[in-house]
Every structure is written in structure tokens, then in C-alpha cells.
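Trainee: This is the structure I want to talk about, given as C-alpha cells.
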Amino acid sequence: MLKYLVILLDDTSTSFCHYDNRKSESRLMPIETLKGGIRFGMMENLMIQFVYPVDALPLEHLKAIETIDHGVIAPSGSPVSADVVVFNDWDTFLKFDYPDMGTFVLRTDSKQLCENPKYLESVLYQVTRLNIVLTDIETMNDEDFEKYDRFLDELRGIMKRLYLKGYQTQCNLITDRIVLDAMNNCNAGTESITLAPNGKFYICPGFYYDGLDAVGSLEDGLDIKNPQLYRLDHAPLCRICEAYHCKRCIWLNQKTTIEVNTPSHEQCVVAHMERNQARLLLNELQDRGIYDKKQEIKEISYLDPFDVKDEW
Amino acid sequence: MEAIIKSQNEQWRSGIAKGITFIVTKDCQLACKYCYLVGKNSKERMPWSIAKQTVDYILDHENDFKEESVIWDFIGGEPFLEIDLIDKICDYIKMEMFRRNHHWFNSYRFSFSTNGINYHEEKIQQFIEKNRNHLSIGITIDGTRQKHDLNRVYKNSERGSYDDVVKNIPLWQFQFPGMGTKVTISSADLPYIKESVLHLFSLGIPEVNINCVFEDVWKEGDDLIFQNQLIELADAIIDNGLYENNVCSFFQEHLGKPLDRKLQNQNWCGAGKMLAVDAAGIFYPCTRFAQYSLRDKKAWIIGNVNEGIDKNKLRGFLTLDRCTQSTKECIDCEVAEGCAWCQGENYDAADTCTAFQRSTAICKMHKARVRANNYYWNKLFRKLELEGIERERANEHVKQPQMKDIC
Numbered sequence: 001m002l003k004y005l006v007i008l009l010d011d012t013s014t015s016f017c018h019y020d021n022r023k024s025e026s027r028l029m030p031i032e033t034l035k036g037g038i039r040f041g042m043m044e045n046l047m048i049q050f051v052y053p054v055d056a057l058p059l060e061h062l063k064a065i066e067t068i069d070h071g072v073i074a075p076s077g078s079p080v081s082a083d084v085v086v087f088n089d090w091d092t093f094l095k096f097d098y099p100d101m102g103t104f105v106l107r108t109d110s111k112q113l114c115e116n117p118k119y120l121e122s123v124l125y126q127v128t129r130l131n132i133v134l135t136d137i138e139t140m141n142d143e144d145f146e147k148y149d150r151f152l153d154e155l156r157g158i159m160k161r162l163y164l165k166g167y168q169t170q171c172n173l174i175t176d177r178i179v180l181d182a183m184n185n186c187n188a189g190t191e192s193i194t195l196a197p198n199g200k201f202y203i204c205p206g207f208y209y210d211g212l213d214a215v216g217s218l219e220d221g222l223d224i225k226n227p228q229l230y231r232l233d234h235a236p237l238c239r240i241c242e243a244y245h246c247k248r249c250i251w252l253n254q255k256t257t258i259e260v261n262t263p264s265h266e267q268c269v270v271a272h273m274e275r276n277q278a279r280l281l282l283n284e285l286q287d288r289g290i291y292d293k294k295q296e297i298k299e300i301s302y303l304d305p306f307d308v309k310d311e312w
Numbered sequence: 313m314e315a316i317i318k319s320q321n322e323q324w325r326s327g328i329a330k331g332i333t334f335i336v337t338k339d340c341q342l343a344c345k346y347c348y349l350v351g352k353n354s355k356e357r358m359p360w361s362i363a364k365q366t367v368d369y370i371l372d373h374e375n376d377f378k379e380e381s382v383i384w385d386f387i388g389g390e391p392f393l394e395i396d397l398i399d400k401i402c403d404y405i406k407m408e409m410f411r412r413n414h415h416w417f418n419s420y421r422f423s424f425s426t427n428g429i430n431y432h433e434e435k436i437q438q439f440i441e442k443n444r445n446h447l448s449i450g451i452t453i454d455g456t457r458q459k460h461d462l463n464r465v466y467k468n469s470e471r472g473s474y475d476d477v478v479k480n481i482p483l484w485q486f487q488f489p490g491m492g493t494k495v496t497i498s499s500a501d502l503p504y505i506k507e508s509v510l511h512l513f514s515l516g517i518p519e520v521n522i523n524c525v526f527e528d529v530w531k532e533g534d535d536l537i538f539q540n541q542l543i544e545l546a547d548a549i550i551d552n553g554l555y556e557n558n559v560c561s562f563f564q565e566h567l568g569k570p571l572d573r574k575l576q577n578q579n580w581c582g583a584g585k586m587l588a589v590d591a592a593g594i595f596y597p598c599t600r601f602a603q604y605s606l607r608d609k610k611a612w613i614i615g616n617v618n619e620g621i622d623k624n625k626l627r628g629f630l631t632l633d634r635c636t637q638s639t640k641e642c643i644d645c646e647v648a649e650g651c652a653w654c655q656g657e658n659y660d661a662a663d664t665c666t667a668f669q670r671s672t673a674i675c676k677m678h679k680a681r682v683r684a685n686n687y688y689w690n691k692l693f694r695k696l697e698l699e700g701i702e703r704e705r706a707n708e709h710v711k712q713p714q715m716k717d718i719c
């Protein structure tokens with residue numbers, strides 16, 4: 001069941017996920033389209049998330065946005081007060097003056113991430129939640145996986161120090177899995193849908209920016225073909241998976257395997273490395289009395305469920 | 313396009329053999345009216361360099377091809393139009409498997425589906441002689457002259473090819489005794505099913521592997537025509553005792569039962585477990601995913617001879633199961649067993665770019681087949697019973713199928 005409507009206010013609206021937005025020319029969503037999108041969200045009972053560009057919006061747009069309860073996703077340089085602030089470079093990320101509350105997203109490739117775990121620590125002391133989004137999962141190889149695992153090992157140490165000092169900072173890569181007992185994925189196409197500046201609906205912003213087919217329009221309504229394939233129960237690999245925190249990125253699935261319900265080897269390995277480090281962190285925190293001993297993440301011998309599909 | 317035929321020799325390795333298909337040419341002497349190859353042409357012929365690179369890639373990556381044995385399959389168009397290239401490829405394969413001490417050496421077959429027109433020619437006969445012990449050849453003949461020539465006509469002339477094919481049947485059967493043929497049925501063929509199958513039996517072809525096309529070509533009332541033809545065929549086979557020495561794959565004892573959601577959830581099609589390569593050195597999960605086979609979709613490319621196989625592009629195929637791709641009606645169907653599908657046609661006909669949407673164009677034809685199949689076995693078992701043969705021993709008096717088709 002749909003719950004969220006993501007509205008891209010401009011062609012240059014920031015990416016907040018795995019996909020890249022390479023559009024550099026502004027194309028503002030027409031005011032009538034914006035109002036139509038808000039109306040659609042209200043009628044379908046959807047929580048609207050507005051995705052902002054760096055540049056300020058016209059007053060008319062800001063007024064329309066305020067007609068509905070909503071969330072704001074904005075790049076770090078945007079003048080708007082955002083619920084989710086997105087960083088696309090490390091320099092801004094490290095120098096940012098963090099407010100007390102809010103969620104922050106760091107989009108980075110694995111190489112830079114693995115080189116900077118120490119810098120990350122200073123930010124993690126300042127925020128309540130940090131989402132780290134890898135922008136190069138699809139090109140990672142065995143060497144990159146090794147480096148990423150070493151990074152996660154360091155991140156685990158950072159998180160342990162934070163928790164032992166009484167902080168309760170969340171970092172999606174390692175703490176989400178600890179608190180989940182079922183799949184909690186992106187769910188684009190089932191729980192969320194995106195409205196682009198052209199007035200058409202897309203499974204997620206990545207589908208719009210990659211020029212993939214729309215799934216309806218404000219004019220004609222929503223028309224998702226094969227909607228079952230976006231559901232977890234129609235994803236043979238994911239429905240038996242225990243990496244509950246995995247984004248299960250539909251856009252990456254489509255890009256790497258052609259099928260929207262099938263993740264790539266790289267996406268599975270990354271998610272399982274995170275899961276396994278979450279398991280170790282949980283055990284360490286349990287030993288220090290921070291988590292209940294009843295909570296358990298089981299030890300597994302694989303990093304890609306595809307490799308053990310014969311045992312299903 | 314010739315159908316893929318698996319011989320009794322191939323069944324020896326059924327399920328554990330890797331199928332590797334060379335699309336050596338997209339040319340054919342014929343322009344069969346039901347042919348699903350929409351992009352046939354005389355220009356795309358596989359160069360030797362691509363064929364060699366393909367063989368080298370496959371043999372270089374022995375760990376990625378762990379199946380116990382291999383079937384090197386050559387298709388077209390008409391593969392025997394490229395007999396010189398094929399001969400060179402096969403020699404190279406044998407030499408390299410031996411040189412590398414590859415685990416497929418002496419566990420391989422070369423397989424061909426041909427229209428049979430140039431089967432008698434010297435070069436082809438020399439090739440057969442050279443590779444006799446590792447060879448399977450299926451000739452496609454659709455039945456009577458009338459039925460065959462209805463569809464299998466020469467390009468540019470509309471002339472039927474029956475006479476040119478049937479003259480080669482005795483030589484083929486002499487060289488490959490017991491080898492069956494595969495017949496493909498489309499809407500216009502329905503009234504000729506009975507006489508065609510009986511005709512093929514009379515030509516000395518003991519096994520007729522026959523199926524309806526998966527494409528959405530069926531008209532209102534076709535299922536009844538189909539059912540009645542099969543019942544007439546059942547009468548002819550049983551009344552004349554033909555079941556002792558002949559098999560028609562339309563009739564299978566365990567057809568038309570419900571399928572268990574968990575225990576019988578396997579995919580039907582082998583796409584993704586095979587590998588097909590075209591003249592440009594592009595890899596596909598099966599030939600049906602090459603551009604010349606597709607009406608509405610882009611080719612499903614899984615790699616090429618230079619960069620190898622992108623295994624991510626195979627993950628969907630290798631995790632496909634029956635229920636995930638089927639409609640609720642198909643999952644709950646009470647006569648589901650034996651209802652087939654082609655992953656390539658599913659992809660081509662799907663509403664989105666996916667192999668996970670099962671085409672149901674064949675539904676009413678399958679149900680008609682099940683009704684006729686029930687009639688066949690009820691009649692046959694009763695006849696045998698009246699002859700004093702107990703049901704448990706009935707199969708000893710009925711020829712069992714040797715062929716196992718994978719498409």
C-alpha cells in the first residue's frame with residue numbers, strides 16, 4: 001500500500017540515495033503540477049516528501065508546499081530548513097554546523113568512505129542519525145569489499161565507543177539491523193512513488209533521472225505494471241534474506257540485473273557485510289549490558305544468499 | 313527456426329549438461345510462417361574469430377561451467393548453411409578439450425536442428441561421418457505434404473519444402489535410428505494434427521515431439537478443434553496398436569494434475585542455465601533473448617566474448633520459480649501439470665522489462681490437451697485391461713518417450 005509521495009521540485013533536486021542526478025540545468029516543477037501533486041497526495045492519504053534543489057524556490061511554490069503537512073529533503077547548501085540534509089561531498093560534510101536534531105545523509109563512493117573513518121567519528125558525535133549511501137555499489141569488486149569490511153570494522157569500534165559514552169547515535173550501516181526484526185527496505189513502487197517536474201510518476205527518482213518509463217501521470221493517474229514485482233514476496237532472493245536493513249534498491253536492481261525484484265551480487269555482499277558487523281556490535285554491546293541478551297542476529301556463512309539458493 | 317530436439321543419447325546427460333548454442337547464421341532457405349525469428353537475414357554470419365574466442369572463453373573459465381557434460385548446439389537460421397565453419401569449430405573444440413584435459417573431453421555432444429533440405433550434401437555427410445559418435449541431429453518435418461507446406465515454404469517463392477526434406481528422412485533414420493522429430497503447431501495447423509502425426513509415424517519416425525506455439529495466436533474455438541483432433545489421433549493410435557512402437561508427446565500419463573506450491577515450484581524453462589552466442593560475439597541466456605527473436609523488447613544481453621558473462625544478468629533467471637512468475641489462476645489451476653512456458657516469450661509479451669510475468673496465451677490449448685489426454689489414457693488402459701494386462705504393467709506394453717525437449 002502506498003504511503004509516501006516523493007515530489008522532485010526541480011530537475012536539479014538533490015539525490016538522496018544511490019542514483020546520481022547529473023542534470024545541471026534547472027527545470028522547476030510548474031506551480032500547477034506542484035498543486036496537482038499535493039492534491040493527489042491528499043486524496044491518496046500519502047505523506048509527501050519534497051526534494052529541494054540548492055537554489056531557492058519561488059514564493060508561490062513555498063506557499064503551496066505549506067498547504068500540506070510534509071517532509072523536506074534538501075542539499076546542504078539549500079536555504080530551506082530540512083528534515084533530511086544531504087551531503088554530496090566530504091568537505092561540506094565535515095565543516096557543517098550541525099543542529100541538535102535532524103537526519104543527515106552522506107552520499108559517497110566506497111573509496112572515499114574507506115579512507116575517512118576517523119573523520120566520520122567527529123560527525124557521529126554531533127548528530128542523532130547519519131545515513132551513509134554508497135554511490136558505487138554496482139562497480140565494487142572483491143578488493144573493494146575487503147576494504148569496505150575493514151571500514152565497517154572501524155565503524156563498529158566508533159559506534160561502540162559512542163554507546164559506551166552514553167550516546168545513542170544511529171548510523172544506518174550498522175545500527176539499523178540491530179533494532180529490526182523484519183525486512184525494512186526502500187519499498188519504492190509499493191510504499192512510495194515519485195512525481196517528477198514533468199508531471200509524471202516514476203518508481204523512484206532514479207528511474208526519472210535515468211530516462212526510464214513513467215508509471216502514470218497526474219493527468220491519467222497511477223498505472224504501475226506488474227506491481228507485484230516490487231513487493232517483497234515476489235523477490236525470491238530478498239524474501240528469505242536476513243539483511244533486514246538492506247535498501248533493496250529497486251533502481252540498482254533494475255540497473256544491474258534488469259529485474260526490479262532481483263538484487264546484484266554487489267548489493268547483497270555489501271548488505272551482508274553490514275549485517276555481520278551489526279551482529280558483532282550487538283554482541284559487544286550486550287556484553288556491556290547495553291542490549292538485552294535475548295536479541296539475536298544469527299551467524300551465517302555466506303555473504304550472498306544467491307550462493308546458498310540450493311539450500312532454500 | 314528449427315526447434316531444439318534432444319535425442320535419446322542426450323537424455324543420458326539430461327539435466328547435467330551445459331547447453332551452449334552458436335547462432336552461426338541468421339539466414340535460412342525457408343521463411344516458415346510460424347517462425348518466431350523476426351530478424352532473419354543473410355548478412356549476420358558468425359566469423360571464425362568470434363567462434364574461436366567463444367570456445368576459448370568457455371574453456372578458459374572451466375570453474376564457471378562445472379556441469380558434467382556439454383551440448384554444443386548449432387542453430388540458425390539453418391545451421392548447415394555454415395557447415396564449413398561448424399566443421400572448423402567442432403574440430404577446434406575437440407582439439408582444445410583434449411589439449412587442456414578439460415573435464416568435458418569425451419563428455420560432449422554436437423547438436424543440430426535442421427530443416428533437412430541439404431542433409432544429403434557431401435560436406436554434411438562427411439561431417440556426420442567424422443563426428444558420428446558425438447552427434448544428435450533433428451530434422452523438422454511438420455507432417456503431411458499439405459500440413460508441412462502450409463508453413464514451411466521457401467523464402468521469396470512460397471513453394472513448400474516437403475519433397476526436399478522427406479527424401480532425406482530414410483538416410484537420417486538410417487544414420488540416427490529412433491531419432492524423433494519436433495512439430496510446432498499454430499492456429500492454421502490444427503485441422504491437420506491427426507493426419508500429420510500418423511504420417512510421421514508412417515515415415516518411420518517413431519517419436520513425434522509436438523507442441524503448440526507459446527505466442528498469442530489462438531482464435532476463438534481453436535481449443536475445440538485441437539481437442540477433437542487429439543481425440544481422433546488417440547483413437548487412431550489406440551485402435552491400431554500404434555502405441556507399442558510410437559510416441560506422440562501430446563499424450564503423457566501424468567499430465568493435467570494440480571501442482572504443489574512448494575514441492576513443485578520449479579521453473580519450467582532452462583533459460584539462464586544455457587548460453588547462446590551470436591555472430592557478433594554477444595552472449596544471451598538463450599537464443600530466444602537475441603534481438604532477432606524478439607518482437608517488442610530489447611535483446612537481453614548477458615555479456616560478450618571480450619568482457620565475459622555479467623553474472624548479475626543471470627540472477628533473475630536462476631532464482632525464478634513457478635509461483636513467483638505465475639498468476640493466481642495458474643498457481644491454483646487444477647490441471648497445471650505439463651502446462652509449459654517459454655521464458656523468452658514471457659519476456660517478449662510482458663508488460664514490463666521482466667522474465668517474471670508468465671504469458672498465459674496457451675491456457676485454453678493446454679486445457680484442451682488435458683481433456684484429450686485424459687481420454688487417451690482412459691481408453692488405452694481399458695483396452696489393455698480387457699486384453700488381460702494389469703494397469704501396473706501397462707507401461708511395459710506402451711513405448712516410452714526417449715526424447716526430452718527443453719523448450
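Quick mapping for you: the protein sequence lines, in order, are chains A and B. So for the first sequence, the numbering used here puts the first residue at 1; every next one is plus one. So for the second sequence, the numbering used here puts the first residue at 313; every next one is plus one. All residues carry an ideal CB built from backbone N, CA and C; glycine is no exception.
Distance cutoff 7 Å, beta carbons only. Does B:R471 sit that close to anything in chain A?
Mentor: Not closer than 7 Å to any Cβ of chain A, the Cβ of B:R471 fails to qualify, so no.
Trainee: Is there a Cβ from chain B that is less than 7 Å from the Cβ of A:K225?
Mentor: Output row for A:K225: interface = yes.
Trainee: List the residues of chain B whose Cβ lies closer than 8 Å to the Cβ of A:F145, in chain order.
Mentor: Per Cβ cutoff of 8 Å: no residues; A:F145 is ~15 Å from chain B at best.
Trainee: Is A:P305 close to chain B? Criterion is C-beta to C-beta, closer than 7 Å.
Mentor: Not closer than 7 Å to any Cβ of chain B, the Cβ of A:P305 fails to qualify, so no.
Trainee: Which chain A residues are close to B:N658, counting only those with a beta carbon under 8 Å from its beta carbon?
Mentor: What B:N658 touches in chain A: nothing, since even the nearest Cβ is about 12 Å away.
Trainee: Identify whether B:S423 lies in helix, strand or coil by the three-state DSSP scheme.
Mentor: Three-state result, B:S423: strand.
Trainee: Does the pairing of the segment 442-452 of chain B with the segment 490-499 of chain B give three or more beta-carbon distances under 8 Å?
Mentor: Touching, yes.
Trainee: For B:I455, which of B:E434, B:S469, B:I481, B:H446 has the nearest alpha-carbon?
Mentor: According to the sequence provided, residue 455 of chain B is Gly. The question's Ile does not apply to it. Among B:E434, B:S469, B:I481, B:H446, the Cα nearest to that of B:G455 belongs to B:I481.
Trainee: Taking the C-alpha atoms as reference points, what is the distance between B:F595 and B:G615?
Mentor: Their Cα atoms are separated by approximately 5 Å.
Trainee: Alpha carbon to alpha carbon, what distance is there between A:K111 and A:P117?
Mentor: Each residue's Cα considered, the two are about 11 Å apart.
Trainee: With a threshold of 16 other CB atoms inside 10 Å of the CB of B:V375, please say whether the residue is buried or exposed.
Mentor: First, the residue type needs correcting, since residue 375 of chain B is Asn and not Val in the sequence shown. It is exposed - the Cβ of B:N375 has fewer than 16 other Cβ atoms within 10 Å.
Trainee: In whole angstroms, what is the alpha-carbon distance linking A:D20 and A:L195?
Mentor: Their Cα atoms are separated by approximately 17 Å.
Trainee: Apply the 10 Å Cβ neighbour rule to B:G261 and answer buried if 16 or more other Cβ atoms are within range, or exposed otherwise.
Mentor: Since the first residue shown for chain B is 313 and the last is 719, residue 261 of chain B is missing from the structure and cannot be characterised.
Trainee: So who's on the other strand from B:L342, going by DSSP bridges?
Mentor: Answer is B:Y466, bridged to B:L342.
Trainee: Tell whether a beta-carbon distance below 7 Å holds between A:I132 and A:L106.
Mentor: The answer is yes: Cβ separation under 7 Å.
Trainee: Taking 7 Å as the cut-off, decide whether the C-beta atoms of B:F439 and B:D399 are in contact.
Mentor: Cβ distance < 7 Å, so B:F439 and B:D399 count as in contact.
Trainee: Can you list, in chain order, the residues of its chain with a C-beta nearer than 6 Å to that of B:A680? Leave out the 5 residues immediately preceding and following it.
Mentor: Contacts found: D535, F538, Q539.
Trainee: How would you list, in chain order, the residues of chain A whose beta-carbon sits under 8 Å from the beta-carbon of B:D633?
Mentor: What B:D633 touches in chain A: P236.
Trainee: Does any C-beta atom of chain A lie closer than 7 Å to the C-beta of B:Q669?
Mentor: Judged by the 7 Å Cβ criterion, B:Q669 is in contact with chain A.
Trainee: Measure the Cβ-Cβ separation of A:T262 and B:G628 and say whether it is below 7 Å.
Mentor: Contact: yes.
Trainee: Are three or more beta carbon pairs between the segment 281-289 of chain A and the segment 210-229 of chain A nearer than 8 Å?
Mentor: The segment 281-289 of chain A, when compared against the segment 210-229 of chain A, does not touch it at the 8 Å Cβ threshold.
Trainee: For B:I316, count neighbouring C-beta atoms within 10 Å of its own C-beta (all shown protein chains included) and say buried if the count is 16 or more, exposed if not.
Mentor: With a pLDDT of 36 at B:I316, under the threshold of 50, the modelled position of this residue cannot be trusted, and the question is left open.
Trainee: Among residues of its own chain, excluding the 5 on either side of A:M29, which ones have a beta-carbon nearer than 6 Å to its beta-carbon?
Mentor: Within the same chain, A:M29 has close Cβ partners L9, P197.
Trainee: Name the chain B residues that come within less than 9 Å of A:C158, Cβ to Cβ?
Mentor: The residue asked about is misnamed: residue 158 of chain A is Ile in this sequence, not Cys. Result: empty, since nearest Cβ-Cβ is about 32 Å, beyond 9 Å.
Trainee: Do you know offhand how far A:A74's Cα is from A:L229's?
Mentor: Rounded to whole angstroms, A:A74 to A:L229 spans 30 Å at the Cα level.
Trainee: Might you give, ordered along the chain, the residues of its own chain that have their beta carbon closer than 8 Å to the beta carbon of A:H70, omitting 5 neighbours on each side?
Mentor: So the list reads M47, I48, Q49, F50, once near-sequence residues are dropped.
Trainee: Candidates B:E390, B:K625, B:D396: which alpha carbon is nearest B:A363's?
Mentor: Per the Cα distances, B:D396.
Trainee: Using a beta-carbon distance below 7 Å, is B:G628 in contact with chain A?
Mentor: It does; some Cβ of chain A falls within 7 Å.
Trainee: Would you check if there are 3 or more beta carbon pairs closer than 8 Å linking the segment 544-552 of chain B to the segment 514-526 of chain B?
Mentor: Too few Cβ pairs lie closer than 8 Å, so no.
Trainee: Under DSSP, the beta strand (DSSP E) around A:H70 begins and ends at which residues?
Mentor: From DSSP, the beta strand (DSSP E) with A:H70 extends over 70-75.
Trainee: How would you call A:D304, buried or exposed, if buried means at least 16 neighbouring beta carbons within 10 angstroms?
Mentor: The residue is buried, with at least 16 neighbouring Cβ atoms inside 10 Å.
Trainee: Give the residues from the segment 263-277 of chain A that approach chain B closer than 7 Å (Cβ to any Cβ), ordered along the chain.
Mentor: Against chain B - using a Cβ distance shorter than 7 Å - the residues of the segment 263-277 of chain A are S264, H265.
Trainee: Measure the C-alpha to C-alpha separation of B:L696 and B:N690 and round it to an integer number of angstroms.
Mentor: Rounded to the nearest angstrom, the two C-alpha atoms are 10 Å apart.
Trainee: Pull up the distance between the alpha-carbon of A:L173 and that of A:G166, whole angstroms please.
Mentor: Looking at the two C-alpha atoms, the distance is approximately 20 Å.
Trainee: If you measure beta-carbon to beta-carbon, which residues of the segment 663-692 of chain B are closer than 9 Å to chain A?
Mentor: Listed by position, the residues of the segment 663-692 of chain B near chain A (Cβ gap below 9 Å) are D663, T664, C665, T666, A667, F668, Q669.
Trainee: Tell me the DSSP bridge mates of B:W384?
Mentor: Answer is B:I332, B:F422, bridged to B:W384.
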